[in-house]
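Novice: In the UniProt record's numbering, each residue's number is its place in the sequence shown (first place is 1) plus 56.
Ideal placement from N, C-alpha and C gives every residue a C-beta, glycine not left out.
Below is a structure I'd like to ask you about.
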Amino acid sequence: RKKVTLPALHTMYQRGEPITMLTAHDFPSAHVADQAGMDMVLVGDSLAMVAMGLEDTAEVLLDEMILHCRSVVRGARSAFVVADLPMGSYEVGPEQALQSAIRMVKEGRTHGVKLEGGVEVAGQIRRIVQAGIPVLAHVGLTPQRQNALGGFRVQGKTAEGAVRFWRDALAVQEAGAFGVVVEAVPAEVAGLVTRRLRIPTIGIGAGRGCSGQVLVQMDMLGNFPPGRFLPKFVKKFGDVWGEARRAVEAYRGEVKGGSYPGPEHTYPMAKGEYAEFER
Ligand code: KIV
Ligand code: NA
Numbered sequence: 057r058k059k060v061t062l063p064a065l066h067t068m069y070q071r072g073e074p075i076t077m078l079t080a081h082d083f084p085s086a087h088v089a090d091q092a093g094m095d096m097v098l099v100g101d102s103l104a105m106v107a108m109g110l111e112d113t114a115e116v117l118l119d120e121m122i123l124h125c126r127s128v129v130r131g132a133r134s135a136f137v138v139a140d141l142p143m144g145s146y147e148v149g150p151e152q153a154l155q156s157a158i159r160m161v162k163e164g165r166t167h168g169v170k171l172e173g174g175v176e177v178a179g180q181i182r183r184i185v186q187a188g189i190p191v192l193a194h195v196g197l198t199p200q201r202q203n204a205l206g207g208f209r210v211q212g213k214t215a216e217g218a219v220r221f222w223r224d225a226l227a228v229q230e231a232g233a234f235g236v237v238v239e240a241v242p243a244e245v246a247g248l249v250t251r252r253l254r255i256p257t258i259g260i261g262a263g264r265g266c267s268g269q270v271l272v273q274m275d276m277l278g279n280f281p282p283g284r285f286l287p288k289f290v291k292k293f294g295d296v297w298g299e300a301r302r303a304v305e306a307y308r309g310e311v312k313g314g315s316y317p318g319p320e321h322t323y324p325m326a327k328g329e330y331a332e333f334e335r
């Protein structure tokens, strides 16, 4: 497969071909996303929860994101790889944001960075883009600000909220973002804004009217124990947890029951050597 570049993504956008993006947090999760044909791989800060078991994305450090990126980029050979700048690594101002973005691309070896926010982070986006690092913006529900937003709530439900969302999307476009993730926004709002922008929108919980879609890989694979809360927009395309658990239980059962390993899993000695060894 050919490497997916920024111009290739732009061509898909212009043709109206939906852009596919999936998160990855290590070599195997990147490898499967890439082999299955994802256009973009996102090292999302959701790895705080799905890969590190932390409570929320605010806890993950820039160094930890970089470490995960180093594994992801080795698995994602064709996809365009973008990583989240974690909370605290860009809010102080454009210089801090640029320093963090440079570390992400130099040490994490990603192609671009993503950061959350609209009007208030336009300066940061502009500064990073000026340095030649592609930026994917993220507006609507911005999980890093969940405490300020009052939790994980749909954004742009009211006319006033929808206008605020539109202003944010326009601000990140004008600042030079090559695309924008749109999270948890009513489908008709996301659709109208998508038609009015000239950069692709990558939706999550924002309906089919976006220019592309993104999901958290562990969620869409069903790679989590039963009983976990899932947002409405997640579709479980698999039952990877169920299959992994079945396999581990089967392994346990065969070891405890003495049927594994069988003769076919062992190495023979050279002919006649055992008799000599036994003496
Ligand atoms: O961290 C993440 O996985 C994300 C996507 C859900 C867009 O930001
Ligand atoms: Na994120």
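Taking the DSSP output, what are the residues bridged to residue 76?
Specialist: Beta-bridge pairing links residue 76 to 269.
Novice: Can the beta-carbon of residue 271 be found closer than 8 angstroms to that of residue 290?
Specialist: Yes.
Novice: Which class does residue 59 belong to by DSSP, given the choice of helix, strand or coil?
Specialist: If DSSP states are grouped into helix, strand and coil, residue 59 belongs with coil.
Novice: Quick one: grab the DSSP three-state call for residue 262.
Specialist: Correct three-state label for residue 262: coil.
Novice: According to the Cβ coordinates, are residue 249 and residue 233 closer than 8 angstroms?
Specialist: Against a cut-off of 8 angstroms, the Cβ pair of residue 233 and residue 249 comes out as no contact.
Novice: Do residue 88 and residue 103 have their CB atoms nearer than 8 angstroms?
Specialist: No, the Cβ-Cβ distance between residue 88 and residue 103 is not below 8 angstroms.
Novice: In or out: residue 239 buried (at least 16 other Cβ within 10 Å) or exposed?
Specialist: Buried: at least 16 other Cβ atoms inside 10 Å.
Novice: I'd like to know whether the C-beta atoms of residue 255 and residue 235 end up nearer to each other than 8 angstroms.
Specialist: In this structure, residue 235 lies closer than 8 angstroms to residue 255 by Cβ.
Novice: Classify residue 76: buried if its beta carbon has 16 or more other beta carbons within 10 angstroms, exposed otherwise.
Specialist: Residue 76 should be labelled buried.
Novice: Verify the contact flag: residue 199, CB atom, against every heavy atom of the ligand NA, threshold strictly below 7 angstroms.
Specialist: Answer for residue 199: yes, Cβ within range of the ligand NA.
Novice: Between the Cα of residue 230 and the Cα atoms of 246, 179 and 168, which residue gives the shortest distance?
Specialist: Closest option to residue 230, Cα to Cα, is 179.
Novice: Look at residue 114 and residue 82 and say whether their C-beta atoms are less than 8 angstroms apart.
Specialist: For residue 114 and residue 82, no; Cβs fall outside 8 angstroms.
Novice: In the DSSP assignment, the beta strand (DSSP E) including residue 81 goes from what residue to what residue?
Specialist: No beta strand (DSSP E) contains residue 81, which DSSP labels as neither H nor E.
Novice: Just to confirm my understanding: we take residue 149, look at its own chain, exclude 5 residues before and 5 after, and list those with CB closer than 8 angstroms. What are they?
Specialist: Taken in chain order, the residues that qualify are 179 and 180.
Novice: Quick check: the segment 154 to 163 against the segment 117 to 128, are there 3 or more CB pairs under 8 angstroms?
Specialist: Yes, the segment 154 to 163 is in contact with the segment 117 to 128.
Novice: Taking the C-alpha atoms as reference points, what is the distance between residue 192 and residue 320?
Specialist: Going from the Cα of residue 192 to the Cα of residue 320 covers about 52 angstroms.
Novice: Please look up how many angstroms separate the CB atoms of residue 200 and residue 172, rounded, as I've assumed it's under 8 angstroms.
Specialist: Their Cβ separation, rounded to whole angstroms, is 5 angstroms, which keeps residue 200 and residue 172 in contact under 8 angstroms.
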